[in-house]
Each structure stands twice: as structure tokens, then as C-alpha cells.
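**Student:** Counting the sequence shown from 1 gives a position; my numbering is that position plus 140. Just so it is clear, CB atoms sit at the ideal spot from N, CA and C, and this is done for glycine as well.
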Amino acid sequence: MTRFLLVKSDVYELGEIIGQGAYGCVFKSRNVTTNETVAIKKMSILRTRDGLPPTVIREAALLKRVDKVDNDNLIKLKEVFTEQPSVDRQNIYFIFEYVERDLERYLKMHSPLDINQIRNFTQQLLTAVSVLHNHSIFHRDIKPQNILITNNGILKLADFGLAREYHEHKVFTTVVSYSIFLYVEPTIINSCISSS
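(1) If you follow the alpha helix (DSSP H) that residue 283 is in, where does it begin and where does it stop?
(2) Mapping the DSSP letters down to three states, classify residue 188 as helix, strand or coil.
(3) Since residue 166 contacts residue 181 with CB under 8 Å, what's their CB separation in whole angstroms?
(4) At what residues does the alpha helix (DSSP H) containing residue 240 begin and finish?
(5) Taking the alpha-carbon positions, what's the residue 305 to residue 298 distance?
(6) Determine the extent of the beta strand (DSSP E) in which residue 217 is found, giving its start and end residues.
(7) Report the residue from 162, 289, 255, 249 whose alpha carbon sits nearest the alpha carbon of residue 265.
(8) Are the beta-carbon atoms belonging to residue 267 and residue 231 less than 7 Å from one another?
(9) In the DSSP assignment, find the beta strand (DSSP E) that holds residue 151 and state where it starts and stops.
(10) Just the Cα atoms here: how many angstroms apart are residue 262 and residue 252?
(11) Among residues of its own chain, excluding the 5 on either side of residue 126, which ones have a beta-carbon nearer than 7 Å to its beta-carbon?
(12) When we look at the beta-carbon of residue 227 and count the other beta-carbons within 10 Å, is it buried (16 or more) or exposed?
(13) Indicate whether residue 229 and residue 169 have their beta-carbon atoms separated by less than 7 Å.
(14) With a threshold of 7 Å on Cβ separation, who are the neighbours of residue 216 within its own chain once the five nearest residues in sequence on each side are excluded?
(15) Note down the Cα distance separating residue 246 from residue 307, rounded to an integer number of angstroms.
(16) Quick one: residues in its chain with C-beta nearer than 7 Å to the C-beta of residue 243, no 5 flanking neighbours on either side, listed in chain order?
(17) My guess is that residue 179 and residue 157 are in contact by the Cβ rule of under 8 Å, so how many angstroms apart are they, rounded?
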């Protein structure tokens, strides 16, 4: 069972919003104790009497597993915490290393890429995916917005909200959202084709 650390949110100073999705916002933030710049994904979840939704628990558990993998091409999770819940909502905070930009922004600023950059980024992305698959994890949401790039050109795969753990003996089905179809991994397309 994944345990969430309950800490005071005043350890972190939320800054500007650098990303927004269906499940929350990502802020460029600062740890006021260490002055370290971090990225904070804040999810505001409707409370139920059953506690946190399984999707949040699954994402946190997978992120903790990914964090144990020693690979520079996977985003590093620093900690997860919750605030004292209000009457109907609970805030969950995922604290990550801060990375300067995503691939979508990078491509807008640096297009066209030369062949060496393309090879380098492709190799780094394939390394990240291979490491995940070797640890029985499918990312399932690879797209330019979920591929981050440091100022040093290190590519980092992020956003494990749709990721799933798999086992050789377990058969699973996948639903593909049309909104992300252009960036769906071949493993998902193949599983959809073979199950239809």
C-alpha cells in the first residue's frame, strides 16, 4: 500500500503554472528550505468515503517504482504529500525535479532539428521506454508534452497518469482516447488490433 506523507504545504512556494491537464496543474515552484526549484503537480480530488481514487494511488505507486530505476531519461519524483482535506476535496501534490521545457516547446523554438539531434532524442526516448518495459511498466501516453528536455539536452519521460504495470501471464485490454491517438505507442495499437 502506498503511504502519502502529510506535510505542510508552506515548505513549497507555488510559482507560475507551467502545465495544465485534465487532472490538475503543474507549477514551477521552490522549496523554501533548500531554495531548490521543483515542479509540483497539484491534483484536487473529490473526496469519497472510500478515500483516494485508485487512479491516484496507482500513479503514486508507479512513480515510486520508476524513481527506484536508475535512469536519467525518466523524471525523478522527490515526494508525494497531501494536505488536510476540506469537506469535499483533497489536494494531492507530486513533487518532481524541475525540467526547463517539454519537447513540444523545444520543437517550436528549434525547428527544424538536424539529424544528429533527432538521433540523440530518439535514442534517449527508446532508452527510457526500454527501461520501463524491462521493469514491466507501459507508459501509454508518450507525446511531445510528456517528453521533457533539460538545458543540457537530457530527455526525460514524464506524466505516468496513464501508465500501467503488466505481467506476462495477465491479459489486459486497452481503450485508446482519440485525443491522444497521434501519439499512441505501437504496443497499444497492436493490442487493440489483436483484441478486435
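**Tutor:** Looking at the atomic coordinates:
(1) Taken as a continuous stretch (DSSP letters only), residue 283 belongs to no alpha helix (DSSP H), as it is neither H nor E.
(2) strand
(3) 5 Å
(4) Run containing residue 240: none; DSSP gives neither H nor E here.
(5) 16 Å
(6) 217 to 222
(7) 289
(8) no
(9) Residue 151 -> no beta strand (DSSP E), and no H or E assigned at all.
(10) 15 Å
(11) Residue 126 lies beyond the stretch modelled for the chain, which goes from 141 to 336, so this question has no answer here.
(12) exposed
(13) no
(14) 207, 236, 237
(15) 35 Å
(16) 284, 287, 289
(17) Contact doesn't hold; Cβ gap of about 11 Å is too wide.
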